[in-house]
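Protein chains: 2
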Amino acid sequence: MPPTNTFAGAAIDRVSDRRQDDAWIGEQLRSPTARAIVVSHEGPFVDCTSDPCRPAFVAAADIDDPVFLGRDADGPLFATAGDHVPGAYTAMSLRDAGARMSQADAGLLAYATAIVGWHGSHGFCARCGHATDLAAAGHERRCPSCGATHHPRTDPVVIMLVHDGDRVLLGRQARWPEGRYSTLAGFVEPGESLEEAVAREVGEESGIAVTDIRYRSSQPWPFPASLMVGFHARYANGEPSVHDGELEDVRWFSRQEVRDAANGQSMLHLPPPVAIARRLIDEWLED
Amino acid sequence: MPPTNTFAGAAIDRVSDRRQDDAWIGEQLRSPTARAIVVSHEGPFVDCTSDPCRPAFVAAADIDDPVFLGRDADGPLFATAGDHVPGAYTAMSLRDAGARMSQADAGLLAYATAIVGWHGSHGFCARCGHATDLAAAGHERRCPSCGATHHPRTDPVVIMLVHDGDRVLLGRQARWPEGRYSTLAGFVEPGESLEEAVAREVGEESGIAVTDIRYRSSQPWPFPASLMVGFHARYANGEPSVHDGELEDVRWFSRQEVRDAANGQSMLHLPPPVAIARRLIDEWLED
């Protein structure tokens, strides 16, 4: 099995075949065990009164525009947008939550954040411009004017560790903290396979041609709506140089330099464990 | 390298770093070698005066709302929507084009169809409802009212061959031609990895639990905007039965039954070679 990355692993049955069943969804919402996760503009509300933090679960009966996430071991679970909740809960960025929670809880918050965020930025019909309504228990939006049905958006992104056996190609963006380098990445475009996207993005960002493109694992990355699809790829030819303005530097690092950085003994700062980029690097170090 | 599936393989440099450069895009459009692919409601216009068919290339100077696809060996290439073109060209469904053209030409038409289709169904701002304008040479739409930038949508879909070593799990939808069975598939949802989507969809559609989920290859599938991500997965437990109403039947087929069907000697009809589903099946037969 591929590794389970942070933000995957929500322990929930989505019960997707009942989303259209308004009566059943209503029963779930009125259940005494129904809870909701509230997502603010700063991130989901969390409960840090014990360690590790957990999602803050509020009574589902009190929320507006409930999105049905599914059923977990404790009963029905909903999500909604909001900047206040009753009780001593605080909002936390999803990235921080991912680093401070169990795999399953971080996955749950990623799911809630992704779908609540979609509603917040897709209130109007892209086809005709009319205001749309929440439908299918929050898994669709429907247009009362033209009849279009809209589904949550998930944007596939390829992210790839390029290596030549001994060295790995990493780049950095100008806005990143000093010393931070990471693997290259970019959005999949219309009319290309994942492998074509890998080759194109590496070429665009570094001038390097790659071969032997191998899938490794994937990660939901709702910032706001990405799905990271991770690869290793082997260097074929070219000299690394900044090409398209996305990066301010791109260059080779030796296995020893990367190993030192992974051990915290370097000016080179690798991405944190929460990111699939780090996992792609760690797996290469282990190879 | 993974296999190249139909609709991948467009032989074009997308020159994505120049899309924002209006002056350079204008030069490309005015080039005497600039050509355009026109996509109608029935599919792209094609030239079948010789065999195999090729995309119908019209003069780019004549088109409205040009989308810059990139540069191929013959010069700049654009795409646009239209139901008429000069000359003896006909519109063909993209599926038919995929079965009757070279890999590179089918890839080019998939790219053109995907991005032209996106413009056709996303003329308004999902954030505020205002009409949006084509921008970045057709790779964005921008809202003059709220300032939002919108990018083409690509919907990741997992498609998976489930097997137990000797048998393969295939399902059929009621609307399919008699005897047609195929691999299970479904859209990736917010907050899940590709592997989670595979396990969830197989469970929802058949009641089967799977393990050993292995990526195989991917395929752009612009009907209208999917990216098919193909897996093999091994049966863990459960008895196949129709679960969620998407399928009218789901059941095991023996290796011999599938082999006979692949050879056209069966009442079982497998998906055509244009689909990654068939490739997943053929690769399993070869294992």
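Order-wise, the sequence lines are chains X and D. Quick note: the first sequence uses our numbering, first residue 1, plus one each step. Quick note: the second sequence uses our numbering, first residue 1001, plus one each step. No residue lacks a Cβ here, since even glycine has one placed at the ideal position from N, Cα and C.
Subject >> Three-way DSSP call (helix, strand, coil) for X:R175 in this model >> reply: coil
Original post:
Does the beta-carbon distance from X:M92 to X:P52 come in below 8 angstroms?
Top reply: no
**OP:** Just mark D:M1001 as buried or exposed, buried being the case when its beta carbon has 16 or more other beta carbons within 10 Å.
**Re:** For D:M1001, the predicted structure reports a pLDDT of 45, less than 50, and the residue's modelled location is therefore unreliable. The matter cannot be settled from this model.
**OP:** Please confirm if D:P1220 has its CB atom under 8 angstroms from at least one CB of chain X.
**Re:** yes
Subject >> X:Q219 - DSSP class collapsed to helix/strand/coil >> reply: strand
Subject >> Span of the alpha helix (DSSP H) around D:R1030 >> reply: 1022-1030
Subject >> N- and C-terminal bounds of the alpha helix (DSSP H) containing D:D1065 >> reply: Segment: none, D:D1065 is in no alpha helix (DSSP H) and carries neither H nor E.
**OP:** Look at the alpha carbon of X:V38 and the alpha carbon of X:G117, and state the distance between them as a whole number of angstroms.
**Re:** 11 angstroms
Original post:
Which runs of the beta strand (DSSP E) fall wholly inside the stretch 105-169 of chain X and span at least 3 residues, in chain order?
Top reply: 133-135, 140-142, 155-163
Original post:
For D:H1122, which residues in chain X fall below 9 angstroms Cβ to Cβ?
Top reply: A126, R127
Subject >> Neighbourhood of X:V242 by C-beta, 7 angstroms cutoff - its chain only, sequence neighbours within 5 removed >> reply: E248, D249, V250
**OP:** May I have the straight-line CA-CA distance separating X:R71 from X:L285, to the nearest angstrom?
**Re:** 39 angstroms
**OP:** Give me whichever residues DSSP pairs with X:G43 in a beta bridge.
**Re:** X:S40
**OP:** Report yes or no: do three or more beta-carbon pairs, one from the stretch 1167-1180 of chain D and one from the stretch 1095-1104 of chain D, lie closer than 8 angstroms?
**Re:** no
Original post:
Using the beta-carbon count (16 or more within 10 Å), is D:Q1256 buried or exposed?
Top reply: exposed
Original post:
What distance in whole Å lies between the Cβ atoms of D:P1190 and X:P152, which are believed to be in contact at a cut-off of 8 angstroms?
Top reply: 5 angstroms
Original post:
If you pair each beta-carbon of the stretch 105-117 of chain X with each one of the stretch 4-17 of chain X, do three or more pairs fall below 8 angstroms?
Top reply: yes
Original post:
X:A225: which of X:V67, X:F187, X:S182, X:W252 sits nearest, CA to CA?
Top reply: X:F187
Subject >> Cβ separation of X:F231 and X:V168, assumed to be a contact under 8 angstroms, to the nearest whole Å >> reply: About 13 angstroms separates the two Cβ atoms, so there is no contact after all.
Subject >> Of the listed residues X:C143, X:F68, X:V202, nearest to X:D17 (C-alpha basis) >> reply: X:F68
**OP:** Mind checking which residues open and close the beta strand (DSSP E) that includes X:A97?
**Re:** No beta strand (DSSP E) contains X:A97, which is instead part of the alpha helix (DSSP H) from 94-100.
**OP:** Leaving aside the five residues before and after X:F124 along the sequence, list all residues of the same chain whose C-beta is less than 8 angstroms from its C-beta, in chain order.
**Re:** H130, A131, T132
Subject >> Inter-residue Cα distance where the pair is D:P1066 and D:A1060 >> reply: 8 angstroms
Subject >> Residue-level contact to chain D via CB, X:E283, 8 angstroms cutoff >> reply: no
**OP:** State the DSSP-derived secondary structure class of X:S50, mapped to helix, strand or coil.
**Re:** coil
Subject >> Short Cβ contact (8 angstroms threshold) for D:L1134 with D:F1078 >> reply: no
Subject >> chain X contact for D:R1014 (CB, 8 angstroms cutoff) >> reply: yes
**OP:** Please decide whether X:S193 counts as near chain D, where near means a Cβ-Cβ distance under 8 angstroms.
**Re:** yes
Subject >> Under 7 angstroms by beta carbon: chain X residues contacting D:Y1235 >> reply: Neighbours of D:Y1235 on chain X: none; closest Cβ ~15 angstroms, over 7 angstroms.
Subject >> Interfacial residues, the stretch 173-202 of chain X to chain D, with Cβ spacing under 8 angstroms >> reply: F187, V188, E189, P190, G191, E192, S193, L194, E195, E196, R200
Original post:
Could you give the distance in angstroms between the alpha-carbon of D:P1272 and the alpha-carbon of D:L1184?
Top reply: 15 angstroms
Original post:
Quick one: is X:C143 buried, meaning 16 or more other Cβ sit within 10 Å of its Cβ, or exposed?
Top reply: buried
**OP:** Look at the Cβ atom of D:S1121, then the Cβ atom of X:R127, and state whether they are nearer than 8 angstroms.
**Re:** yes
**OP:** Determine which residues share a DSSP beta bridge with D:F1253 and list them.
**Re:** D:V1168
Subject >> Reference X:G138, options X:P86, X:V229, X:T80, X:R95, closest by Cα >> reply: X:T80
Original post:
If we count the other Cβ atoms within 10 Å of its Cβ and call it buried at 16 or more, is D:P1222 buried or exposed?
Top reply: buried
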